[in-house]
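Data block below; observations after.
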Amino acid sequence: MHPLRKNQGFTIVELILVVVIIAIMATISVFGFSSWRSRTATTELKNALISVATAMKAEKNVSNGYPATFPSSYSNSTSVVLEMASSTPTSYCINAFSKVIPEEQMSISSAFTSPRTGLCSATSGSAVVLGGTIPDAPLGKDMAPPLSTWTLAGGATYSVANGVVLGAAGTATSPMIRIKGPETSATIGGTFYATTQSAYVPHQPNGGWQGGIYYYGSDATTSVANSANGNTNNGASQAIALNTWGPGITSNPYSWGIGSNVYYIKLTIVGSNGGYSSPDLKVKSISFTLQ
Numbered sequence: 433m434h435p436l437r438k439n440q441g442f443t444i445v446e447l448i449l450v451v452v453i454i455a456i457m458a459t460i461s462v463f464g465f466s467s468w469r470s471r472t473a474t475t476e477l478k479n480a481l482i483s484v485a486t487a488m489k490a491e492k493n494v495s496n497g498y499p500a501t502f503p504s505s506y507s508n509s510t511s512v513v514l515e516m517a518s519s520t521p522t523s524y525c526i527n528a529f530s531k532v533i534p535e536e537q538m539s540i541s542s543a544f545t546s547p548r549t550g551l552c553s554a555t556s557g558s559a560v561v562l563g564g565t566i567p568d569a570p571l572g573k574d575m576a577p578p579l580s581t582w583t584l585a586g587g588a589t590y591s592v593a594n595g596v597v598l599g600a601a602g603t604a605t606s607p608m609i610r611i612k613g614p615e616t617s618a619t620i621g622g623t624f625y626a627t628t629q630s631a632y633v634p635h636q637p638n639g640g641w642q643g644g645i646y647y648y649g650s651d652a653t654t655s656v657a658n659s660a661n662g663n664t665n666n667g668a669s670q671a672i673a674l675n676t677w678g679p680g681i682t683s684n685p686y687s688w689g690i691g692s693n694v695y696y697i698k699l700t701i702v703g704s705n706g707g708y709s710s711p712d713l714k715v716k717s718i719s720f721t722l723q
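Numbering of the sequence shown is given in this note's numbering, commencing with residue 433 and proceeding in unit increments.
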């Protein structure tokens, strides 16, 4: 008799298990690579802005004023586009854009000497650009600056634990965001919390939040009527579930067409005096994407 030979091949179950493991590892690798690219792009922008700010300060010390163009002593990164958004002998503001991760936008100025997310609030209209063409804004990527960088007014406050708390008269306004590109529409969302229902009857018994978008031309200063809808700004409100952090619970009304004349935008969120937000509304995050 011949001894039985054991089959050394894979069973169907084992093959399926191997395929699943490979797929999981591939997903983790892609996610890790994407996160690494984003961190690298952010670091490159920060380094470029710190370096150019140092060169601007050195030039001021020599010439008794900031230069109108980028100092010759500054050597730019091949992955970064810089824009001298504004410059006078006593002040400047410089924008930085990543060629690798186009949604990464940062700035530095004589007023705030550390790089921050978001762009300068104004440009000269014929800004000096270094490093190539400013990249088009990406589609489907969140471009909203973190709430810690937004300008607060009317009693609004910010903390890591609660995000932005608006109260009755509070407002929060984002830094400037460059959105020029092939986009056709924009959508705003976020994460919200409230324990009190909205005064707006159609939202009741739920809470509510209110926000909007303001449109600007190529100089990031001049308000423009969005050629897609004829408005210089748009706003809407959305119901939110009470007593839990979450997004809006009705279909998102924050979706508008974007015309070719809109280069920059600012986002806003508004307190309960606007008639829609819950009086104890907290906003943990805001998202802004182009489609």
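Heads up, the beta-carbon is just placed ideally off N, CA and C, and yes, glycines get one too. The structure presented is a predicted model; accordingly, all values stated were derived computationally and were not measured.
With Trp-641 as the anchor, note down where its beta strand (DSSP E) starts and where it stops.
-> 639-648
- [ ] Going by CA-CA distance only, name the one from Gly-586, Ser-580, Val-484 and Ile-482 that's closest to Gly-706.
- [x] Gly-586
Does the beta-carbon of Leu-449 have 16 or more other beta-carbons within 10 angstroms, so that it is buried, or is it exposed? exposed
What are the partner residues of Glu-515, as DSSP defines its beta bridges?
Asn-527 and Val-561
- Task: Give the straight-line distance between the Cα atoms of Val-451 and Ser-591, rounded to the nearest whole angstrom.
- Result: 45 angstroms
* Host beta strand (DSSP E) of Ile-620 (start-end) -> 617-625
Output yes if chain B places a C-beta closer than 8 angstroms to the C-beta of Ser-519; else output no. In the structure shown, chain B cannot be found, because there is only a single protein chain.
Limits of the beta strand (DSSP E) - the one that Ala-421 falls within | Summary: the structure shown does not reach residue 421, with the chain confined to residues 433 through 723, and so no result is reported for it.
#### Entry: Residue environment, Arg-471, which counts as buried when at least 16 other CB atoms sit within 10 Å
exposed
Measure the C-alpha to C-alpha separation of Ser-495 and Met-608 and round it to an integer number of angstroms. 30 angstroms
* Whole-Å CB distance - Gly-702 paired with Gln-642, under 8 angstroms assumed -> The sequence as given places Val at residue 702; Gly does not occur at that position. Val-702 to Gln-642, Cβ: 5 angstroms. Contact.
On a CA-only basis, which of Leu-699, Ala-601, Thr-605 and Ser-709 is nearest Ala-671? Give me that one, please.
Ser-709
Checklist entry - Does the Cβ-Cβ distance between Ala-539 and Leu-551 come in under 8 angstroms? => result One point to set straight first is that residue 539 is Ser, not Ala, in the sequence displayed. Yes, they are a contact pair.
Exercise for review: List the residues that DSSP assigns as beta-bridge partners of Ile-566.
Suggested key: Answer is none; Ile-566 lacks a bridge partner.
Worksheet entry | Closest residue to Ile-526 among Ala-593, Trp-677, Leu-477 and Gly-678 (Cα-Cα distance) | Leu-477
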